[in-house]
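Residue numbers (the working numbering): 47 to 230.
Idealized CB from N, CA, C, for every residue including glycine.
Every value quoted in this text rests on a predicted model; they were computed, and no experiment measured them.
To start, the structure under review is shown below, and the notes come after it.
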């Protein structure tokens, strides 16, 4: 059964990809993350995911672009009650649609590895998208492997970010100054 695995970044992909491949899952990686800002960060995370795809000899499908101006406008609040709800919705919508249109039997997301994400909201959103597009959502609780995945990322010298991805999470990060310096 073919699985499309949405990946938010290289470090978060390490444990899920490793675990799924050890379980003999046939999978491709899918990059669609218009929430990541600024554009320098978007490019850096995509480049690190390319390293992971090469490391595991996986196909990486790259879709979308950086949409910082849209996020800053907060237009998504007309439909969603929070930036996180919108973030999960837009990424899982694209993932489920791509999976259905390209013959994948199921999809999942590396967002499920982070203990800092809203796990239940991700699951609910993915289930809705699975129904909408007629493709299965395969749920995995990757969180027990979060630290292991971060260590795996360190071993292959991946950039490990210090904020979720959107411009607002950058503003809220206690590492904001250090992050901004890394852009220069």
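| task | Go through its chain and collect everything with a Cβ distance to residue 156's Cβ below 6 Å, but skip five positions before and after it. | result | Within the chain shown, the letter at position 110 stands for residue 156. Excluding positions up to five away in sequence, the list reads 53, 54, 58, 59 and 62.
| task | Can you check DSSP and say which residues form a bridge with residue 52? | result | As a working mapping, residue 52 is identified with position 6 in the chain shown. Beta-bridge pairing links residue 52 to 76 and 155.
| message | The beta strand (DSSP E) that contains residue 106, what's its start and end? | response | Translated into the one-based positions of the chain shown, residue 106 becomes position 60. Its beta strand (DSSP E) spans residues 106-108.
| request: Specify the secondary structure class of residue 86 as computed by DSSP and reduced to three states. | output: In the chain shown, residue 86 corresponds to position 40, counting from 1. Of the three classes helix, strand and coil, the one that applies to residue 86 here is helix, per DSSP.
| query | Under the DSSP definition of a beta bridge, which residues are partnered with residue 182? | reply | Working through the chain shown from its first residue, we reach residue 182 at position 136. DSSP, once it has assigned bridges, lists 152 as partnering residue 182.
| query | Under a three-way DSSP split, which group does residue 93 fall into? | reply | For this step, residue 93 is matched to residue 47 along the chain shown. Three-state result, residue 93: helix.
| Among 68, 137 and 121, which has the Cα closest to the Cα of residue 176? | Walking along the chain shown from the start, residue 176 turns up at place 130. Residue 176 has its Cα closest to that of 137, out of 68, 137 and 121.
| query | Hey, how far is the Cα of residue 161 from the Cα of residue 134? | reply | Your numbering for residue 161 matches position 115 in the chain shown. Your numbering for residue 134 matches position 88 in the chain shown. Within the model, the alpha-carbon separation for residue 161 versus residue 134 is close to 15 Å.
| query | How would you label residue 79, buried or exposed, when you count the other beta carbons within 10 angstroms and need 16 or more for buried? | reply | If you number the chain shown from 1, residue 79 lands on position 33. Counting Cβ neighbours within 10 Å, residue 79 comes out buried, since at least 16 surround it.
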